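Heads up: the structure comes next, in structure tokens.
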Amino acid sequence: MKPANIKTAAAAVLFTVGMGLVSASDSQAAGSACGGASWYALTSKTASGERMNAARLTAAHRNLKFGTKVAVTNKRNGKTVVVRINDRGPFIRGRVLDLSKAAASQIGMIRSGTASICYQVINS
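Under mature numbering (1 follows the signal peptide of the UniProt record, and there is no 0), the letters of the sequence shown match residues -24 to -1, 1 to 100, in that order.
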């Protein structure tokens, strides 16, 4: 094998192994997790193909199936909202969800922009 091919093969192996390390944790696989959340209100298309609507109760998650309903609780004030996963993200370390503006408003995190939350999958 040529040196260039060895590097490519090694990169492929590292990528494959690395993908296993990035997979959902046991708690996420069971349908619950805690971490940070932020909110967004764009008008572009989401990863699911639908147009982002900041007035709807939706959220982005890295790997839950589109259409999954999730109960999200703000740990600071105990407020909860049910959202539907329709996008991918967040892409910032420590964050587990990006919420629509409407969802963020219902759990009292508009002003702060971020919150410490826990979520539980209701259905998938």
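Just so you know, even glycine gets a beta-carbon here, dropped at the ideal spot from N, CA and C. All values reported here derive from a predicted model rather than from experimental measurement.
Assuming residue i contacts residue j under a Cβ cut-off of 8 Å, what Cβ separation, rounded to an integer in Å, is found between them?
i: K45; j: R64; result: Rounded, the Cβ-Cβ distance is 17 Å, inconsistent with contact.
i: A9; j: V72; result: 5 Å
i: K51; j: I93; result: 6 Å
i: D74; j: A35; result: 6 Å
i: N53; j: E26; result: Contact doesn't hold; Cβ gap of about 30 Å is too wide.
To which residues does DSSP link residue i through a beta bridge?
i: I61; result: A35
i: N53; result: DSSP lists no partner for N53.
i: Q82; result: Per DSSP, none; premise fails for Q82.
i: S76; result: Y16
i: T90; result: S14
i: N99; result: K45
So what does DSSP say about residue i, is it helix, strand or coil?
i: A17; result: coil
i: S8; result: strand
i: A47; result: strand
i: R69; result: coil
Considering only their Cβ atoms, is the gap separating residue j from residue i smaller than 8 Å?
i: V48; j: A23; result: no
i: L33; j: S76; result: yes
i: A91; j: V57; result: no
i: G86; j: W15; result: With the sequence shown as reference, residue 86 is identified as Ile, and Gly is not the correct amino acid for it. Going by C-beta atoms, I86 is nearer than 8 Å to W15.
i: residue 107; j: G11; result: This structure cannot speak to residue 107, because the chain is shown only from -24 to 100.
Assign residue i to one of two classes, buried (16 or more other C-beta atoms within 10 Å of its C-beta) or exposed (fewer than that).
i: I83; result: buried
i: S(-2); result: Low per-residue confidence applies at S(-2): pLDDT is 36, beneath 50, and the placement is therefore not dependable, though the value from the model is reported in the following sentence. With fewer than 16 other Cβ atoms within 10 Å, it is exposed.
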